[in-house]
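Visitor:
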Ligand SMILES: Nc1ncnc2c1ncn2[C@@H]1O[C@H](COP(=O)(O)OP(=O)(O)OP(=O)(O)O)[C@@H](O)[C@H]1O
Ligand SMILES: [Mg+2]
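Here it is, written out as structure tokens:
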């Protein structure tokens with residue numbers, strides 16, 4: 013069954029079981045047209061399995077999914093015609109050159125020889141592979157293969173792009189270039205689902221984020237919403253010596269504040285729920301005549317969100 017839907021990628025209660033391992037457990041998500049969903053999760057969370065189900069590589073054990081309005085089980089060919097997929101491990105032909113890999117894929121997708129070549133040259137340029145374009149891929153570095161693999165997934169100008177850990181193994185410059193390419197494609201209307209272990213990447217690229225742990229969705233929302241759910245800005249006070257830091261930690265704890273001490277530097281951190289909390293820190297230090305050289309206020313990061321959710325999930329796992 014296929015139906016047209018607002019969401020270009022839609023999973024409803026998708027489960028996938030491998031020999032008793034429940035890799036996905038009733039996962040539901042929606043990605044509207046032209047948006048980027050970031051799928052975050054630790055090793056084994058189920059990210060690749062979900063990408064495989066959505067890209068018709070694997071059938072779901074139960075539940076259903078639609079991509080570009082087509083059911084992945086009932087109409088896999090229609091789905092495949094509209095997607096680009098970059099897997100976690102590069103899938104390019106070693107014995108061919110970068111140029112020939114791209115031309116081959118373009119020809120397979122039905123492009124005329126001159127169009128295929130033009131598209132290939134354009135993509136090589138975009139991914140900074142022009143100088144290596146006629147070398148066999150087996151001579152490429154890991155990062156170069158990765159970039160070529162991404163270029164291959166873009167040959168057909170797909171409506172929907174699945175990127176499974178696209179920037180793993182890329183150096184910072186290549187990673188920025190990749191982010192730019194993804195942003196350009198999104199600006200042109202492409203819908204993207206990307207998996208990543210880099211919170212910065214999700215924060216930077218994704219409109220919404222779904223966190224998977226143990227095959228389940230444990231949180232979803234915008235980066236800001238997830239951060240707000242973890243809550244709490246933190247104040248970080250830099251003292252001038254370790255002794256002062258120890259003394260201040262004790263004193264602040266005595267006033268009912270939760271204090272984390274940095275093991276490497278004389279820096280104390282405390283959650284700040286109200287403006288009063290910050291005032292209380294400064295008042296205490298002043299009264300106790302403890303000098304401080306810095307005071308910063310930070311918003312929670314996606315790292316905090318991730319750590320918190322992973323910890324909660326570990327807790328759940330232990331209880332069962
Ligand atoms: N073909 C398979 N046969 C058996 N178990 C599998 C298979 N594929 C995945 N699994 C299991 O399913 C779970 C989810 O794996 P998956 O590859 O989806 O995780 P992931 O989030 O992509 O992890 P990573 O960050 O390491 O890539 C793991 O427990 C994995 O061992
Ligand atoms: Mg994976």
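Residue numbers (this note's numbering): 13 to 332. Where a beta carbon is used, it is the ideal one built from N, C-alpha and C, also for glycine.
Over the uninterrupted beta strand (DSSP E) stretch that includes residue 306, give me the two end residues.
Guide: Position 294 of the chain shown, counted from the start, is the residue given in the question as residue 306. Where residue 306 is concerned, the enclosing beta strand (DSSP E) stretches over 304-310.
Visitor: With DSSP as the reference, label residue 54 as helix, strand or coil.
Guide: The residue given as residue 54 occupies position 42 in the chain shown. Reduced to three states, the DSSP call for residue 54 is coil.
Visitor: Can you give me the Cβ contacts of residue 23 inside the same chain, cut-off strictly under 6 Å, excluding the 5 residues immediately before and after it?
Guide: Working through the chain shown from its first residue, we reach residue 23 at position 11. Result list for residue 23: 39, 40, 41, 77, in chain order.
Visitor: For residue 287, count neighbouring C-beta atoms within 10 Å of its own C-beta (all shown protein chains included) and say buried if the count is 16 or more, exposed if not.
Guide: Counted from its first residue, the chain shown places residue 287 at position 275. Residue 287 should be labelled exposed.
Visitor: One question on the structure: do residue 235 and residue 53 come within less than 7 Å of each other, judged by their Cβ atoms?
Guide: Along the chain shown, one-based indexing puts residue 235 at 223. Along the chain shown, one-based indexing puts residue 53 at 41. No, they are not a contact pair.
Visitor: Does the region 199-209 come within contact of the region 128-143, defined as at least 3 CB pairs closer than 8 Å?
Guide: Short answer: they don't touch.
Visitor: Could you give the first and the last residue of the continuous alpha helix (DSSP H) run that contains residue 18?
Guide: Within the chain shown, residue 18 is the residue found at index 6, counting from 1. From DSSP, residue 18 is part of no alpha helix (DSSP H); its letter is neither H nor E.
Visitor: Taking all protein chains shown into account, decide if residue 113 is buried (16 or more other Cβ within 10 angstroms of its Cβ) or exposed.
Guide: For the purposes of this step, residue 113 is taken as the residue at position 101 of the chain shown. When all chains shown are included, residue 113 counts as buried.
Visitor: Mark residue 64 as exposed unless 16 or more other C-beta atoms lie within 10 angstroms of its C-beta, in which case mark it buried.
Guide: Residue 64 sits at position 52 when you count from the first residue of the chain shown. That one is buried.
Visitor: Tell me which residue opens and which closes the alpha helix (DSSP H) that residue 186 is part of.
Guide: Start at 1 with the first residue of the chain shown, and residue 186 comes out as number 174. Residues 184-199.
Visitor: Going straight from the alpha carbon of residue 280 to that of residue 191, what length do you get?
Guide: Translated into positions along the chain shown, residue 280 becomes position 268. Translated into positions along the chain shown, residue 191 becomes position 179. Those two C-alpha atoms are separated by around 35 Å.
Visitor: What does DSSP give as the partner residues of residue 224 in its beta bridges?
Guide: Residue 224 sits at position 212 when you count from the first residue of the chain shown. For residue 224, which the question treats as bridged, DSSP gives the partners 229.
Visitor: By the DSSP assignment, the beta strand (DSSP E) with residue 205 in it spans what residues?
Guide: Counting from 1 along the chain shown, the entry for residue 205 is found at position 193. Where residue 205 is concerned, the enclosing beta strand (DSSP E) stretches over 203-208.
Visitor: Looking only at its chain, what residues have a beta carbon closer than 8 Å to the beta carbon of residue 9, apart from the 5 residues adjacent to it on each side?
Guide: The chain is shown from 13 up to 332; residue 9 falls before or after that span and cannot be answered.
Visitor: Between the alpha carbons of residue 306 and residue 264, how many angstroms are there, rounded?
Guide: Start at 1 with the first residue of the chain shown, and residue 306 comes out as number 294. Start at 1 with the first residue of the chain shown, and residue 264 comes out as number 252. Going by the C-alpha atoms only, they are around 16 Å apart.
Visitor: Confirm the yes/no value for this check: CB of residue 239, any heavy atom of ligand 2, distance under 6 Å.
Guide: Taking the chain shown and counting its residues from 1, the one referred to as residue 239 is at position 227. Every heavy atom of ligand 2 is 6 Å or more from the Cβ of residue 239, so no.
Visitor: Can you look up residue 337 in the DSSP assignment and give me helix, strand or coil?
Guide: As displayed, the chain neither begins before 13 nor continues past 332, which places residue 337 out of reach and without an answer.
Visitor: Evaluate the contact criterion for the region 287-298 versus the region 310-322: three or more CB pairs, one atom per stretch, below 8 Å.
Guide: Not touching, per the Cβ criterion.
Visitor: Between the alpha carbons of residue 240 and residue 255, how many angstroms are there, rounded?
Guide: Start at 1 with the first residue of the chain shown, and residue 240 comes out as number 228. Start at 1 with the first residue of the chain shown, and residue 255 comes out as number 243. Their backbone Cα atoms lie some 34 Å apart in a straight line.
Visitor: Please give the ranges of any beta strand (DSSP E) in the region 243-298, keeping only runs that are unbroken, at least 3 residues long and fully inside the region.
Guide: Listed in chain order, they are 245-251, 279-284.
Visitor: Apart from the five residues on each side of it in sequence, which residues of its chain come closer than 7 Å, Cβ to Cβ, to residue 19?
Guide: Reading the chain shown from its first residue, position 7 is the one you call residue 19. So the list reads 42, 43, 44, once near-sequence residues are dropped.
Visitor: Would the C-beta of residue 208 count as close to ligand 2, meaning under 6 Å from any of its heavy atoms?
Guide: The sequence position of residue 208 within the chain shown is 196, counting from 1. Checking every heavy atom of ligand 2 against the Cβ of residue 208, none is found closer than 6 Å.
Visitor: Grab the span of the alpha helix (DSSP H) containing residue 151 for me, first residue to last.
Guide: Taking the chain shown and counting its residues from 1, the one referred to as residue 151 is at position 139. Unbroken run through residue 151: none, as it is neither H nor E.
Visitor: Is the beta carbon of residue 145 sitting closer than 7 Å to the one on residue 136?
Guide: As a working mapping, residue 145 is identified with position 133 in the chain shown. As a working mapping, residue 136 is identified with position 124 in the chain shown. The answer is yes: Cβ separation under 7 Å.
Visitor: Using C-beta distances below 6 Å, list every residue in its chain close to residue 309, excluding the 5 sequence neighbours before and after it, in chain order.
Guide: Along the chain shown, one-based indexing puts residue 309 at 297. If we look at residue 309 and ignore the five residues flanking it on each side, its Cβ neighbours are 245, 247.
Visitor: How would you label residue 126, buried or exposed, when you count the other beta carbons within 10 angstroms and need 16 or more for buried?
Guide: Position 114 of the chain shown holds residue 126. Its Cβ having fewer than 16 others within 10 Å, residue 126 is exposed.
Visitor: Taking C-beta to C-beta, are residue 79 and residue 167 nearer than 7 Å?
Guide: Indexing the chain shown from 1 puts residue 79 at position 67. Indexing the chain shown from 1 puts residue 167 at position 155. Contact flag unset, no.
Visitor: If distances are taken between C-alpha atoms only, which option among 56, 68, 30 comes closest to residue 21?
Guide: Counting from 1 along the chain shown, the entry for residue 21 is found at position 9. Comparing Cα-Cα distances from residue 21 to each of 56, 68, 30, the minimum goes to 68.
Visitor: What are the partner residues of residue 67, as DSSP defines its beta bridges?
Guide: As a first step, residue 67 must be located in the chain shown, where it is residue number 55. DSSP, once it has assigned bridges, lists no residue as partnering residue 67.
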